[in-house]
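**Student:** These protein sequence lines map, in sequence, to chains D and S.
The first sequence finishes on residue 276 if you use numbering that gives the first Met the number 0, and the numbering steps up by one all the way, no holes.
The second sequence finishes on residue 276 if you use numbering that gives the first Met the number 0, and the numbering steps up by one all the way, no holes.
Each residue gets a CB set at the ideal place from its N, CA and C atoms; glycine is no exception.
What you are looking at is a predicted structure, and each value in this text was computed from that prediction instead of being measured.
Protein chains: 2
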Amino acid sequence: MMLINGVETDQITAIDRGLQYGDGLFETIAVVDGEPEFWQQHLQRLQQGGERLALSIPDAVLLQQESEQLIAAADANIHRWVLKITVTRGSGGRGYRYSEAQTPTRILSLSPWPYSEQQQSEAVTQGVMLHICNTRLGENPTLAGIKHLNRLEQVLARNEWSDPAIAEGVVMNPQGEMVEGTMSNLFFVQNGELVTPELRLCGVVGVMRQQIIEQLQQQGVTVAIRPIPLQQLILTEEAFCCNSLIGIWPIHKIGGISFHAPGPITKDCIQRLKRGS
Amino acid sequence: MMLINGVETDQITAIDRGLQYGDGLFETIAVVDGEPEFWQQHLQRLQQGGERLALSIPDAVLLQQESEQLIAAADANIHRWVLKITVTRGSGGRGYRYSEAQTPTRILSLSPWPYSEQQQSEAVTQGVMLHICNTRLGENPTLAGIKHLNRLEQVLARNEWSDPAIAEGVVMNPQGEMVEGTMSNLFFVQNGELVTPELRLCGVVGVMRQQIIEQLQQQGVTVAIRPIPLQQLILTEEAFCCNSLIGIWPIHKIGGISFHAPGPITKDCIQRLKRGS
């Protein structure tokens with residue numbers, strides 16, 4: 000089910016700048032038992048993206064009302080849904096130039112949860128395997144961190160493998176430093192310290208990544224943020240990936256390198272995140 | 000007027016991967032007196048883009064038929080139109096992963112020519128002024144050269160200025176080398192030699208750029224292709240930008256640096272291109 004500018008439809012004009020140029024932003028939000036998780040945090044990131052792109056984000060109350068409308072219409076017997084909010088710059092402007100006056104397009108949709116209970120519980124208890132992607136992320140400080148609609152690098156990276164035993168791929172920057180997964184953020188344990196890649200020049204600042212950093216900080220555990228070259232995998236004791244849908248997935252293998260999964264610090268993070276939320 | 004998969008409509012499903020991820024390609028083609036210019040070259044670039052993205056391009060005969068249908072329906076008293084062909088990966092797949100079996104979406108539209116006769120003739124006789132953009136282009140060898148739908152960098156760069164006296168902006172790579180304009184390719188004359196930026200890691204290989212290089216080569220004039228740092232503007236005698244709509248526009252100023260426009264070599268290029276086409 001989908002609402003476009005408040006109207007129940009999935010049809011949009013092809014001159015929308017979201018299609019023409021990827022001129023827009025999106026959020027993917029877990030809805031559990033009728034409640035969108037980390038709503039404020041998702042809206043805040045959308046707002047930050049809007050500031051970077053000079054794109055005015057629709058009113059939060061309106062987005063909330065429309066989200067509630069979608070959730071109310073969904074089958075209440077189904078425990079989990081995925082809410083996607085897309086905001087584009089709308090149609091208009093001349094070529095790449097947009098007009099200050101144009102009205103953004105908002106697209107809200109509710110979709111089935113993409114993972115079975117079994118997939119999810121196996122991932123958490125046994126860990127997942129990651130491919131090392133050849134596709135690298137281009138660097139652009141203005142676009143780094145935000146969740147914009149230019150996602151061809153992720154499409155290319157994700158389609159490097161089709162083996163269903165591989166859950167995710169590690170994507171690097173041009174310098175060979177690990178940045179993120181194709182659809183998740185990465186954390187590593189090195190010398191007992193929790194580390195996550197710096198995202199100043201590329202990558203998406205995931206809502207779950209921020210939650211983990213903040214929850215741990217509140218509980219007195221510091222997460223180091225720094226560039227992490229691929230070679231450092233051999234110095235790594237544990238690894239996990241995270242996003243708003245999967246939560247935390249321990250990693251048992253990246254390329255040819257194996258890890259104890261779930262390791263003690265990963266387990267601890269999963270527990271702390273549960274307590275914090 | 001617009002045809003989407005052969006149907007006269009401007010409506011498309013919002014789950015199309017063109018909108019969701021910018022997963023697609025486009026061509027902007029000048030139509031003069033009912034004839035698309037450089038048709039084969041545009042189709043060839045579309046095909047090259049398709050190979051890079053593993054996206055199957057609709058049959059050339061079909062694209063030609065639909066283009067002719069649009070042109071036949073347009074006002075024949077109007078001399079010039081812009082034909083845009085967009086091909087997306089269609090809808091489907093799961094997240095960033097596409098399915099091998101999915102059907103691409105083709106969108107063909109015919110739009111009014113964006114420049115008045117006066118604008119065009121003033122640009123050619125007096126030259127244009129270019130802004131030096133702060134927005135840099137991220138580097139990705141797989142995406143470099145092709146005309147894909149991830150154009151946020153161009154949107155950001157183009158919206159750095161609103162002064163109508165500025166016709167175009169120079170965009171650099173992270174190393175500070177000039178790559179292209181926001182909507183055009185760049186050529187420079189240095190020590191009497193014609194030079195255009197290398198586009199191995201970012202930028203679009205424009206159809207007009209290729210035409211100029213090939214026409215000149217056939218006439219015994221070599222164009223050097225190499226990285227061109229911004230500082231080399233002070234060693235530059237002439238400059239021009241080009242694309243499929245504007246043809247060649249001499250440049251009289253980039254940032255604070257002025258050039259003789261149109262200079263003798265630029266004039267010569269304009270003449271040679273006329274003879275060759």
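Could you tell me whether any Cβ in chain S is nearer than 8 Å to the Cβ of A122(D)?
**Tutor:** As a position in the first sequence, residue 122(D) is number 123, starting the count at 1. For A122(D), the answer is no, since every Cβ of chain S falls outside 8 Å of its Cβ.
**Student:** Can you tell me whether DSSP reads G278(D) as helix, strand or coil?
**Tutor:** Any answer about residue 278(D) is impossible in this case: the structure gives chain D only from 0 up to 276.
**Student:** Can you pull out the residues from the stretch 125–158 of chain S whose beta carbon lies closer than 7 Å to at least one beta carbon of chain D?
**Tutor:** Correct list: T134, R135, G137, E138, N139, T141, L142, H147, L148, N149, R150, L151, E152, Q153, V154, L155, R157, N158.
**Student:** Nearest to Q64(D) by alpha carbon, out of G5(D), N133(D), A164(D)?
**Tutor:** As a working mapping, residue 64(D) is identified with position 65 in the first sequence. Answer by Cα proximity: G5(D).
**Student:** Whose Cβ in chain S lies nearer than 7 Å to the Cβ of T181(D)?
**Tutor:** Taking the first sequence and counting its residues from 1, the one referred to as residue 181(D) is at position 182. The contacting residues are Y95.
**Student:** Using a Cβ-Cβ cut-off of 7 Å (strictly less than) and excluding sequence neighbours within five positions of S66(S), which residues of its own chain qualify?
**Tutor:** Residue numbering aside, residue 66(S) sits at position 67 when the second sequence is read from its first letter. P35, L82, L107, listed in sequence order.
**Student:** Which runs of the alpha helix (DSSP H) fall wholly inside the stretch 63–133 of chain D and span at least 4 residues, in chain order?
**Tutor:** Within the stretch 63–133 of chain D, the complete alpha helix (DSSP H) runs of at least 4 residues are 116–125.
**Student:** For G262(D) and E237(D), which I take to be in contact (beta-carbon distance under 8 Å), what is that distance rounded to the nearest angstrom?
**Tutor:** Residue numbering aside, residue 262(D) sits at position 263 when the first sequence is read from its first letter. Residue numbering aside, residue 237(D) sits at position 238 when the first sequence is read from its first letter. G262(D) to E237(D), Cβ: 3 Å. Contact.
**Student:** Taking DSSP's pairing of strands, which residues face I11(S) in a bridge?
**Tutor:** Locating residue 11(S) in the second sequence gives position 12, counting from the first residue. Answer by DSSP bridge pairing, in chain order: I11(D).
**Student:** Using alpha carbons as the reference points, say which of L272(D), K146(D), N133(D) lies closest to M177(D).
**Tutor:** As a position in the first sequence, residue 177(D) is number 178, starting the count at 1. The option with the nearest alpha carbon to M177(D) is N133(D).
**Student:** Classify E236(D) as helix, strand or coil using the three-state DSSP reduction.
**Tutor:** What you label residue 236(D) is simply residue 237 of the first sequence in a count that begins at 1. In this structure, E236(D) counts as strand in the three-state DSSP scheme.
**Student:** Just how far apart, CA to CA, sit M0(D) and L109(D)?
**Tutor:** If you number the first sequence from 1, residue 0(D) lands on position 1. If you number the first sequence from 1, residue 109(D) lands on position 110. Taking the straight line from one Cα to the other gives about 6 Å.
**Student:** Flag this pair as yes or no: are the beta carbons of L62(S) and I77(S) separated by less than 8 Å?
**Tutor:** Working through the second sequence from its first residue, we reach residue 62(S) at position 63. Working through the second sequence from its first residue, we reach residue 77(S) at position 78. No. Outside cutoff.
**Student:** Can you list, in chain order, the residues of its chain with a C-beta nearer than 7 Å to that of H41(S)? Leave out the 5 residues immediately preceding and following it.
**Tutor:** By 1-based counting over the second sequence, the position of residue 41(S) is 42. Result list for H41(S): E26, I28, V206, in chain order.
**Student:** Output yes if chain D places a C-beta closer than 8 Å to the C-beta of T102(S); else output no.
**Tutor:** Position 103 of the second sequence holds residue 102(S). Judged by the 8 Å Cβ criterion, T102(S) is not in contact with chain D.
**Student:** Taking CB distances under 8 Å as the criterion, tell me whether P173(D) reaches chain S.
**Tutor:** As a position in the first sequence, residue 173(D) is number 174, starting the count at 1. Yes, P173(D) lies at the interface with chain S (some Cβ there is under 8 Å from its Cβ).
**Student:** For I233(S), count neighbouring C-beta atoms within 10 Å of its own C-beta (all shown protein chains included) and say buried if the count is 16 or more, exposed if not.
**Tutor:** Counted from its first residue, the second sequence places residue 233(S) at position 234. With fewer than 16 Cβ atoms within 10 Å of its Cβ, I233(S) is classed as exposed.
**Student:** Assuming the contact rule is C-beta atoms closer than 8 Å, G137(S) and G137(D) should be a hit. Round their C-beta distance to whole Å, please.
**Tutor:** Reading the second sequence from its first residue, position 138 is the one you call residue 137(S). Reading the first sequence from its first residue, position 138 is the one you call residue 137(D). G137(S) to G137(D), Cβ: 2 Å. Contact.
**Student:** On the DSSP bridge assignment, give the partners of A223(D) in chain order.
**Tutor:** What you label residue 223(D) is simply residue 224 of the first sequence in a count that begins at 1. V194(D).
**Student:** Closer than 8 Å by beta-carbon distance: list the chain D residues that pair up with A13(S), in chain order.
**Tutor:** Walking along the second sequence from the start, residue 13(S) turns up at place 14. M1, I3, D9, Q10, I11, T85, I106, S108, listed in chain order.
**Student:** What does the alpha-carbon distance come out to for the pair E213(S) and G219(S)?
**Tutor:** Taking the first residue of the second sequence as 1, we reach residue 213(S) at position 214. Taking the first residue of the second sequence as 1, we reach residue 219(S) at position 220. The straight-line gap from Cα to Cα measures roughly 10 Å.
**Student:** Pairs of beta-carbons, one from the stretch 186–196 of chain D and one from the stretch 150–161 of chain D, closer than 8 Å: are there three or more?
**Tutor:** Not touching, per the Cβ criterion.
**Student:** Need the endpoints of the beta strand (DSSP E) that W160(D) sits in, please.
**Tutor:** Reading the first sequence from its first residue, position 161 is the one you call residue 160(D). First-last for W160(D): undefined, no H or E at that position.
**Student:** Expressed to the nearest angstrom, what Euclidean distance is found between the alpha-carbon atoms of I211(S) and C268(S)?
**Tutor:** By one-based count along the second sequence, residue 211(S) stands at place 212. By one-based count along the second sequence, residue 268(S) stands at place 269. Near 7 Å, if we compare the C-alpha coordinates of C268(S) and I211(S).
**Student:** Does any C-beta atom of chain D lie closer than 8 Å to the C-beta of G246(S)?
**Tutor:** Your numbering for residue 246(S) matches position 247 in the second sequence. No, because no Cβ of chain D sits closer than 8 Å to the Cβ of G246(S).
**Student:** Alpha carbon to alpha carbon, how far is K266(S) from R274(S)? Give it in angstroms, no decimals.
**Tutor:** Within the second sequence, numbered from 1, the residue matching residue 274(S) stands at position 275. Within the second sequence, numbered from 1, the residue matching residue 266(S) stands at position 267. Cα-Cα distance, rounded: 13 Å.
**Student:** Since A53(S) meets chain D, which of its residues come closer than 8 Å, beta carbon to beta carbon?
**Tutor:** On the second sequence, position 54 is the one that residue 53(S) refers to. Within chain D, the residues near A53(S) are N158.
**Student:** Could you pull the start and end residues of the beta strand (DSSP E) that M171(S) belongs to?
**Tutor:** In the second sequence, counting from the first residue as 1, residue 171(S) sits at position 172. Its beta strand (DSSP E) spans residues 165–171.
**Student:** Enumerate in chain order the residues of its own chain whose CB-to-CB distance from L200(S) is below 8 Å, with the five nearest sequence positions on each side excluded.
**Tutor:** Taking the second sequence and counting its residues from 1, one reaches residue 200(S) at position 201. Closer than 8 Å at the Cβ level, and outside the excluded window around L200(S), lie E138, N139, P140, A143, N172.
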